[in-house]
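Working notes, beginning with the structure itself.
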Amino acid sequence: MPAKKNPAEKNVKVKAVTPEKDPVFLTEYDRYLFGEGRNYKIYQKMGAHKAQVNGKEGMHFAVWAPHAARVTVASESTNWNPEVNELQPQGTSGIFEGFVEGMGYGELYKYVIHTPDGRQLFKADPYAFSSELRPGNASKTASITDHQWKDAKWLKARAEANTFESPMSIYEVHLGSWKKNPDTKDGFKNYREYADELVSYCTEMGYTHVELMGIAEHPFDGSWGYQV
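Counting the sequence shown from 1 gives a position; our numbering is that position plus 106.
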């Protein structure tokens, strides 16, 4: 659990709005496909997403916790209080969701799973788009819509290629240990630096594809991401 901070550091009014007052976020069809394991874009609904309810800005949260008695959202701005921002169960789907007014991007949070036997389990969001750097393991609200993709040319070429008859040589690599940057605090290069160097290396060595290991945040660098 992250260190507690004074909630007065952020002048944010935080409260939960019951789903009855919320716009429909996860529809019955969303939940049906999720239950069948066929909702391939469920990341657009689960996790933390910026939303507006009754003219109020905030974040909408949704998590699957089928054995929980209750689920709440604890965050920096509430001093990690486990008893505020309660999410509401959605039928028999095991999904809890709700709207938290006043939260924006860049805030640390965790779900609190209240178990039937009275325990409170602080859990990171399995659908989080960002996480804090180890040793902290809280999730961080973030946008996934701001990035402007520029791969249209590559996608067109891929669609026109006969991949079933093309040669393939895969280079498996863990970026965090492939090359280091001693001038940064965490010792890592950024993805732009990795991309330039890795593409040049793979082209020179005759590889056609790259398989990346452990790019999601993980608590122990030496694990190469197998803990994710």
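Even glycine gets a Cβ: it sits at the ideal position worked out from N, Cα and C.
Would you mind giving the Cβ-Cβ distance between residue i and residue j, rounded to the nearest angstrom? I have them listed as a contact below 8 Å.
i      : j      : result
Tyr307 : Ala248 : With 8 Å as the limit, Tyr307 and Ala248 do not qualify as a contact, their Cβ atoms being about 30 Å apart.
Val169 : Pro188 : With 8 Å as the limit, Val169 and Pro188 do not qualify as a contact, their Cβ atoms being about 14 Å apart.
Glu203 : His166 : 7 Å
Ile250 : Phe235 : 5 Å
Glu213 : Ser183 : 6 Å
Tyr215 : Ala180 : 7 Å
Could you spell out where the beta strand (DSSP E) holding residue i opens and where it closes?
i      : result
Val169 : 162-170
Val177 : 176-181
Gly153 : 153-159
Glu192 : 192-195
Report all residues from its chain with a CB closer than 8 Å to the CB of residue i; omit the five preceding and five following residues, and keep chain order.
i      : result
Glu317 : Ile276, Tyr277, Glu278, Val279
Ile321 : Leu281, Gly331
Ser283 : Asp327, Trp330
Asn287 : Gly293, Phe294, Lys295, Glu299
Glu311 : Sequence check: residue 311 is Met here, not Glu. The answer, listed in chain order, is Tyr277.
Hey, could you find the ends of the alpha helix (DSSP H) residue i is sitting in?
i      : result
Ala258 : 258-266
Val305 : 297-311
Leu139 : 134-142
What residues are listed by DSSP as bridge partners for residue i?
i      : result
Tyr217 : Val179, Lys229
Tyr277 : Val316
Pro202 : For the record, residue 202 in the displayed sequence is Phe; it is not Pro. The partner list for Phe202 (beta bridge, DSSP) reads Val169, Pro195.
Lys285 : Paired residues: none, contrary to the question.
Lys246 : Leu214
Ser55  : Because the chain is modelled from 107 through 334, residue 55 falls outside the range shown and cannot be assessed.
Whose C-beta lies closer than 6 Å to the C-beta of residue i among residues of the same chain, with five residues either side of it excluded?
i      : result
Leu313 : Sequence check: residue 313 is Tyr here, not Leu. Cβ neighbours of Tyr313 beyond the five flanking positions: Ser275, Tyr277.
Arg240 : Pro325
Near residue i, which residues of its chain fall below 7 Å by C-beta distance, leaving aside the five closest residues on each side in sequence?
i      : result
Gln333 : His324, Pro325, Phe326
The ligand ATP and residue i: does any heavy atom of the ligand fall closer than 7 Å to the residue's C-beta?
i      : result
Glu323 : For the structure depicted, the ligand ATP is absent and the ligand set is empty, with no information on it obtainable.
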